[in-house]
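Participant: Got a structure for you, questions after.
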Amino acid sequence: GEDVEQSLFLSVREGDSSVINCTYTDSSSTYLYWYKQEPGAGLQLLTYIFSNMDMKQDQRLTVLLNKKDKHLSLRIADTQTGDSAIYFCAEMDAGNMLTFGGGTRLMVKP
Amino acid sequence: EADIYQTPRYLVIGTGKKITLECSQTMGHDKMYWYQQDPGMELHLIHYSYGVNSTEKGDLSSESTVSRIRTEHFPLTLESARPSHTSQYLCAAGGNIQYFGAGTRLSVL
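First to last, the sequence lines map onto chains A and B. To get this note's numbering, take the position in the first sequence, counting from 1, and add 199. Under this note's numbering, the second sequence has 2 at position 7, and the numbering climbs by one with no breaks.
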């Protein structure tokens, strides 16, 4: 099956930028997503990008997609303590099925 | 968007009990999904539905069953709960965008 990989952990200082990286294997991905999960909660959709786009910016969030290398990144500018959470990368195949990465735990230090 | 409601949020139950986890949505999405989330965070698709009377098994084998009698509801049932079923169960709905409920955290003693 298809695979999505993320690093497990990222620690940054408040006010710095965070960059969370993701790689995937499905060459027929239609959409790619970033979800956020806070403790004890479900997944909150942060942003998504269509596979024919290179970049998408939404306030403090910037998504970069390198389709040739199958690499997706999420940059959070001016990271705040409230951004501490687990971030999941996911890709959607042609059948509308999502494959998730294992999640990256972001810790923001004051 | 879709509001996804899951009940109960937390459930502690003894081995051998039958349980049903409820999931409902308000926006009439045809597609609904159940995911199981391991303690180590990874999500796995266990069931999905493309509409009323449609149910399919996902990538991860599960002893649970689902039904889709109405568009709004997609309940998940375990006939005889075991400790190995202890996990978080997340329901989602939508097409190109999947929206998630808050989850049910199940503990089987």
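We put the CB at the ideal spot given by N, CA and C, even for glycine.
Inspect the CB distances between the stretch 218 to 232 of chain A and the stretch 2 to 20 of chain B and report whether three or more fall short of 8 Å.
Facilitator: In short, these stretches do not touch, since the Cβ pair count stays below three.
Participant: Which one of A/Q236, A/L245, A/N265 has the shortest CA to CA distance from B/E37?
Facilitator: Among A/Q236, A/L245, A/N265, the Cα nearest to that of B/E37 is on A/Q236.
Participant: Enumerate in chain order the residues of its own chain whose CB-to-CB distance from A/D277 is below 7 Å, with the five nearest sequence positions on each side excluded.
Facilitator: Excluding positions up to five away in sequence, the list reads G214, R259.
Participant: Under the assumption that B/K26 contacts B/G90 (Cβ atoms under 8 Å), give the Cβ distance between them as a whole number of angstroms.
Facilitator: With a Cβ gap of about 6 Å, B/K26 and B/G90 count as contacting.
Participant: Report the start-end ranges of each beta strand (DSSP E) in the stretch 208 to 291 of chain A that is 3 residues or longer and not cut off at the edges.
Facilitator: Whole beta strand (DSSP E) segments, 3+ residues: 208 to 212, 217 to 223, 230 to 236, 242 to 249, 254 to 257, 260 to 265, 270 to 275, 284 to 291.
Participant: Going along chain A in order, which residues have a C-beta closer than 7 Å to the C-beta of B/Y84?
Facilitator: The premise fails here: B/Y84 is roughly 10 Å from chain A at the closest Cβ pair, so nothing lies under 7 Å.
Participant: Given B/R100, which residues of its chain have a CB within under 6 Å of its CB, disregarding the five upstream and five downstream residues?
Facilitator: The answer, listed in chain order, is Y5, Q83.
Participant: Is the stretch 233 to 248 of chain A touching the stretch 282 to 295 of chain A, taking contact as three or more C-beta pairs under 8 Å?
Facilitator: Result yes; three or more Cβ-Cβ pairs closer than 8 Å.
Participant: Residues in its own chain within less than 6 Å of B/P78 by CB, not counting five upstream and five downstream?
Facilitator: Around B/P78: V103.
Participant: I need the straight-line Cα distance from B/S62 to B/L71, nearest angstrom please.
Facilitator: Their Cα atoms are separated by approximately 7 Å.
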